[in-house]
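J.: Quick one: this structure, given as structure tokens, is what I'll be asking you about.
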Amino acid sequence: MTTWLTRLTLDTSRTAVRAELRNAVAMHRRVMSLFPDLPELDQARSHFGVLHRVEQADRRAVLLVQSNTEADPGRFPDGYAVNSASRNLGPLLDALAHGRRLSYRCDASPIRRPGRTTREVYKNLPPVVALHGRHADDWWHRRAVLAGLKIHTHLSHPLDAAVGRRGTDSGAQRVRHHRVRFEGTAEIVDPAALRAAITGGIGKGRAYGCGLLTIAPLRTGE
Numbered sequence: 015m016t017t018w019l020t021r022l023t024l025d026t027s028r029t030a031v032r033a034e035l036r037n038a039v040a041m042h043r044r045v046m047s048l049f050p051d052l053p054e055l056d057q058a059r060s061h062f063g064v065l066h067r068v069e070q071a072d073r074r075a076v077l078l079v080q081s082n083t084e085a086d087p088g089r090f091p092d093g094y095a096v097n098s099a100s101r102n103l104g105p106l107l108d109a110l111a112h113g114r115r116l117s118y119r120c121d122a123s124p125i126r127r128p129g130r131t132t133r134e135v136y137k138n139l140p141p142v143v144a145l146h147g148r149h150a151d152d153w154w155h156r157r158a159v160l161a162g163l164k165i166h167t168h169l170s171h172p173l174d175a176a177v178g179r180r181g182t183d184s185g186a187q188r189v190r191h192h193r194v195r196f197e198g199t200a201e202i203v204d205p206a207a208l209r210a211a212i213t214g215g216i217g218k219g220r221a222y223g224c225g226l227l228t229i230a231p232l233r234t235g236e
């Protein structure tokens with residue numbers, strides 16, 4: 015199955031763009047508008063294998079969208095994105111090999127769900143605990159192993175949570191996903207596991223800007 019990565023630079027002078035960058039549910043809907051309509055939005059994300067991430071730098075917002083069907087930027091409103099480019103990731107995924115070194119980046123939602131015994135001891139413990147600092151880093155290292163990677167270097171940066179509300183006004187459900195950006199260099203130890211992690215995503219909140227793992231091969235000596 016073909017995997018595409020589309021890079022769109024958004025026009026942050028537009029009120030709608032700025033509002034949707036602050037609302038993970040609205041951005042999810044906007045991302046899904048890049049693909050043919052299906053009756054159920056959640057089914058559409060799975061059907062098209064959609065993952066996305068927003069990166070902000072130099073006063074610009076760049077939206078990365080990965081999918082198994084090429085995204086159609088023409089489905090965005092006029093002027094929403096100032097430019098776009100798509101890349102077929104097939105050659106990159108086919109070239110993954112044991113021992114190859116790469117750089118990686120992933121905005122993920124490191125969380126822990128305490129077991130029944132822990133909840134009994136700590137009565138006020140929430141059902142989902144956001145992990146920070148060393149605990150988040152430990153979570154990432156465990157996930158990296160499952161993704162077929164041996165971490166060489168590692169940096170983590172806390173990000174604003176992905177927030178929004180979904181559903182009707184009378185039955186709206188609050189969405190909130192704790193987020194941390196993990197990046198660094200690694201070595202491939204299981205190419206098949208890495209392909210699965212790239213195409214399937216990592217962790218929770220994949221509909222809301224979490225879980226997209228991007229990689230780039232390192233040149234010899236890096």
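Per this note's numbering, residue 15 is the first one in the sequence shown, and the count goes up by one each step.
Where a beta carbon is used, it is the ideal one built from N, C-alpha and C, also for glycine.
Here the structure is a predicted model, which is why all the values come from computation and not from measurement.
#1: Can you give me the start and stop residues for the alpha helix (DSSP H) that Glu-242 sits inside?
#2: Kindly indicate which three-state DSSP category Gly-178 falls into: helix, strand or coil?
#3: The ligand COA and Thr-17: does any heavy atom of the ligand fall closer than 6 Å to the residue's C-beta?
#4: Could you check what DSSP says for Val-189 in three-state terms: helix, strand or coil?
#5: Quick check: Arg-193 and Leu-163, are their CB atoms within less than 7 Å of each other?
#6: Contact between the segment 35–53 and the segment 100–113: three or more CB pairs below 8 Å?
#7: Report yes if the CB atom of Lys-218 is closer than 7 Å to the CB atom of Ser-81, and no otherwise.
#8: Taking its Cβ as the centre, do 16 or more other Cβ atoms sit within 10 Å of Ala-150, making it buried, or is it exposed?
#9: Please state whether DSSP places Val-68 in a helix, a strand or coil.
#10: From what residue to what residue does the beta strand (DSSP E) around Pro-216 run?
#11: For the candidate residues His-155, Ile-125, Ala-158 and Asp-152, whose alpha-carbon lies nearest to that of Val-143?
#12: Would the beta-carbon of His-42 fall within 7 Å of that of Ala-175?
#13: Tell me whether the beta-carbon of Tyr-94 lies closer than 7 Å to the beta-carbon of Ile-229.
#14: What would DSSP say about Tyr-94, mapped onto helix, strand or coil?
#15: Would you report the Cα separation of Gly-181 and Ile-212, rounded to the nearest angstrom?
#16: Nearest by alpha-carbon distance to Ala-33: which of Val-177, Ala-206 and Leu-22 is it?
T.: So, from the listed chains and residues:
#1: No statement about residue 242 is possible, as the shown extent of the chain runs from 15 to 236 and does not include it.
#2: DSSP places Gly-178 in the strand class (E or B) of the three-state scheme.
#3: This structure lacks the ligand COA, and indeed carries no ligand of any kind.
#4: DSSP places Val-189 in strand when its eight states are reduced to three.
#5: The answer is no: Cβ separation not under 7 Å.
#6: Short answer: they don't touch.
#7: Contact: no.
#8: Buried, because 16 or more other Cβ atoms sit within 10 Å of the Cβ of Ala-150.
#9: Strand, per DSSP.
#10: The residue asked about is misnamed: residue 216 is Ile in this sequence, not Pro. From DSSP, Ile-216 is part of no beta strand (DSSP E); its letter is neither H nor E.
#11: The option with the nearest alpha carbon to Val-143 is Ile-125.
#12: Note that the C-beta distance between His-42 and Ala-175 is not below 7 Å.
#13: Against a cut-off of 7 Å, the Cβ pair of Ile-229 and Tyr-94 comes out as no contact.
#14: Here Tyr-94 sits in coil by DSSP.
#15: A direct Cα-to-Cα measurement between Gly-181 and Ile-212 gives close to 29 Å.
#16: Looking at the Cα atoms, Val-177 is the closest of the given residues.
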